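See structure below.
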Amino acid sequence: MDSKLCFGMVVLCITTFIIGEVQAREVRGLGSQQPGGKFSDFDAWTAFANPDDILTARSVYFTTNHDFTGFIGSMTVYNHNLRRGQMTRSYISIQSNANEEIVAGWVGVGCPNSECRTEFVPKQGAYIAPGAPLDAGNHLTLKFLKDVNTGDWKLYAGAGINFLSEIGHFPKSLFTQLAVQANHAEFGGSVKFINSMASPPMGNGVFARDIIPAGQPWPAMMRDLFYVRPDGVFISVNSYNYRLGYLNCYGLGKPFGRDDHFVYGGPGGCLS
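Residue numbers -24 to -1, 1 to 248, in mature numbering (1 follows the signal peptide of the UniProt record, and there is no 0), belong to the letters of the sequence shown in order.
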């Protein structure tokens, strides 16, 4: 039975986890129909399921090695009629070569509750906090920026590059290499679902591809993506690779003439 989205099932969810826990069966590049691998949990619905029955897939870009102390990107929030045992999210993460990662974005979960376990320190009086509801259709811009004085990673959020407010920080003490700088970034979407169910939609549910036929809806996209170098200079993302699972249900694309657009996601509906 379909469950209603409740408790702000489209929420801002911030977490830290180790990317070394990502396992194989995920595609790096095209040419495979295999599903995605497993990654660390930050949502509560998995408590009722056998971990071996939980499948995941990602439709994301990841950058080649860079040294940076800030990253910024924008996305749109979407709502879907999910079932208990399905999760979909869109996110941006920054990572280090020491297998550390900080993730921020929105997540929709088809169950009565959603939790974020984190060492994130909210800023008192911030207009939004982890777990706060977001309205579907709204624009969400996120910025990670390393504080030059404390070494903490600050997180900013807002409706656009010119409308960002600090909402909190990740303390420097949580990290080793990220305490100095980040080396990689990842952006796009992912899904998680019980293997007896069909995979849920990702992004806005439109299959992502390089060529968008005239008159057809655009897939979900990431845009306004920039590194912030240690010297404070903003550099646009121009070198990247990708990870893609369940090729029949999700895609990626870089539309011609739209240098700042990275489209991702799809309708779902794949079975294990």
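Ideal Cβ placement from N, Cα and C applies to all residues, glycine included.
All figures in this text were calculated on a predicted structure; none of them were measured in a lab.
In this chain, Y54 is not harboured by any beta strand (DSSP E), its DSSP state being neither H nor E. G241 is classed as buried because its beta carbon has at least 16 other beta carbons within 10 Å across all chains shown. Under the 10 Å beta carbon count, V97 is surrounded by fewer than 16 other beta carbons and is classified as exposed. Of all alpha-carbon atoms in G136, A155 and F139, the one lying nearest the alpha-carbon of H145 is that of A155. Less than 8 Å divides the Cβ of Q71 from the Cβ of A158. Judged by their CB atoms, K168 and T32 are nearer to each other than the 8 Å cut-off. Counting C-beta atoms within 10 angstroms of its own C-beta, P195 has 16 or more neighbours from the protein chains shown and is therefore classed as buried. For Q62, the enclosing beta strand (DSSP E) stretches over residues Q62 to Q71.
Approximately 5 Å separates the beta-carbon atoms of R185 and G227; this is inside 8 Å, confirming the contact. Between the beta-carbon of I137 and that of I78 there is about 19 Å, and that puts the pair past the 8 Å contact cut. A161 and N26 have their C-alpha atoms spaced approximately 31 Å apart.
The three-state reading of DSSP puts D200 in strand, counting E and B together. By the beta-carbon neighbour count (other beta carbons within 10 angstroms, threshold 16), I211 is exposed. Contact annotation: the region 110 to 120 touches the region 41 to 60, with at least three C-beta pairs closer than 8 Å.
Remark: C-beta atoms of G244 and R34 do not approach each other more closely than 8 Å. In the structure shown, S149 falls within a helical segment according to DSSP collapsed to helix, strand and coil. Using a 10 angstroms sphere on the CB of I187, the tally of other CB atoms stays under 16, which defines it as exposed. Given a length threshold of 3 residues, each whole run of the beta strand (DSSP E) inside the region 102 to 190 is given here in chain order: 115 to 122, 129 to 134, 140 to 146 and 160 to 170. The residues T117, R199 and D200, in chain order, have a CB closer than 6 Å to that of S50 in the same chain once the five nearest residues on each side in sequence are set aside. Judged by their CB atoms, R65 and W82 are nearer to each other than the 8 Å cut-off.
Distance from the CA atom of Y222 to the CA atom of T126, rounded to whole angstroms, is 42 Å. Check the Cα spacing between F139 and each of Y67, K148, Y103 and M197: the tightest is with Y103. Residue nearest to D207 within the set S166, T152 and V124 is V124 (criterion: CA-CA distance). Excluding residues up to 5 positions away in sequence, I48, F210 and S212 lie with their Cβ nearer than 6 Å to the Cβ of F202 in the same chain.
In this structure, DSSP gives P27 a helical state, which the three-state scheme calls helix. Counting along the chain, N217 sits inside the beta strand (DSSP E) bounded by residues Y216 to L220.
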